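Trainee: Take a look at this one; I'll ask things after.
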Amino acid sequence: MQRALGRLFSLKAATSFPPPAAAVSALSKGTASLDDSAWLSSPTLQPKWKVAARQTARGFADKSWDVIQPAKTKLKLYSSYKERFKMTGSGKIRAMRPGHRHKRFVKSNNQNRALRKTKLVHHAYAQTMKKLGFRMRSFA
Numbered sequence: 001m002q003r004a005l006g007r008l009f010s011l012k013a014a015t016s017f018p019p020p021a022a023a024v025s026a027l028s029k030g031t032a033s034l035d036d037s038a039w040l041s042s043p044t045l046q047p048k049w050k051v052a053a054r055q056t057a058r059g060f061a062d063k064s065w066d067v068i069q070p071a072k073t074k075l076k077l078y079s080s081y082k083e084r085f086k087m088t089g090s091g092k093i094r095a096m097r098p099g100h101r102h103k104r105f106v107k108s109n110n111q112n113r114a115l116r117k118t119k120l121v122h123h124a125y126a127q128t129m130k131k132l133g134f135r136m137r138s139f140a
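Structure representation (structure tokens):
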């Protein structure tokens, strides 16, 4: 029967192996501490994962819970970009101006003519749109 004495130590491991004689004599003389390398060779006062780590081929613990995920490189594009944005020949992005659809009777004729034209998207937004890896249709 193995009873746990906490999260990382077990009672069976602590009672079945005596501590190494070199570590006991070093502690009695006051020349060693609990963090000394002599205690690391004893499986009695070590966490379980450190004992298992010594037995692995690579020599250190495989902490599978600490796996680093690779960075995702592909971003999902937005299909709404196809209708709303167009790319010019120089690589800039153009979009229709807002306010062209609703309440046109309130606006003057000059405003309505200006709203029919496209305007350039700000370069900060254009950079992130281009990073989506999406070939937008260009003006032809």
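Numbered according to the UniProt record's numbering, the sequence shown spans residues 1 to 140. Beta carbons: idealized from backbone N, C-alpha and C, even for Gly. Note that this is a predicted model, so its numbers are computed, not measured.
Run through DSSP, which three-state label would L115 get?
Mentor: What you label residue 115 is simply residue 115 of the sequence shown in a count that begins at 1. Looking at L115 - three-state DSSP - the assignment turns out to be helix.
Trainee: Whole angstroms are fine: how far does the CA of H122 sit from the CA of K86?
Mentor: Translated into positions along the sequence shown, residue 86 becomes position 86. Translated into positions along the sequence shown, residue 122 becomes position 122. Roughly 13 Å between the two C-alpha positions.
Trainee: Verify whether the separation of the beta carbon atoms of K130 and A95 is less than 8 Å.
Mentor: By one-based count along the sequence shown, residue 130 stands at place 130. By one-based count along the sequence shown, residue 95 stands at place 95. Not closer than 8 Å, so no.
Trainee: Look up L132 in the DSSP assignment and give the residues it is bridged to.
Mentor: Position 132 of the sequence shown, counted from the first residue, corresponds to residue 132. Looking at the DSSP assignment, L132 forms no beta bridge with any residue, so it has no partner.
Trainee: Hey, how far is the Cα of A114 from the Cα of A71?
Mentor: The sequence position of residue 114 within the sequence shown is 114, counting from 1. The sequence position of residue 71 within the sequence shown is 71, counting from 1. C-alpha separation (whole angstroms): 44 Å.
Trainee: Look at the Cβ atom of R97, then the Cβ atom of K117, and state whether they are nearer than 8 Å.
Mentor: Along the sequence shown, one-based indexing puts residue 97 at 97. Along the sequence shown, one-based indexing puts residue 117 at 117. Cβ distance < 8 Å, so R97 and K117 count as in contact.
Trainee: Measure the beta-carbon distance from A124 to I93 and round it to whole angstroms, keeping in mind my assumption that it falls under 8 Å.
Mentor: Position 124 of the sequence shown, counting from 1, holds the residue named residue 124. Position 93 of the sequence shown, counting from 1, holds the residue named residue 93. Incorrect: roughly 11 Å between the Cβ atoms, too far for contact.
Trainee: Taking the C-alpha atoms as reference points, what is the distance between H100 and N112?
Mentor: On the sequence shown, residue 100 is found 100 positions in, with the first residue counted as 1. On the sequence shown, residue 112 is found 112 positions in, with the first residue counted as 1. The straight-line gap from Cα to Cα measures roughly 7 Å.
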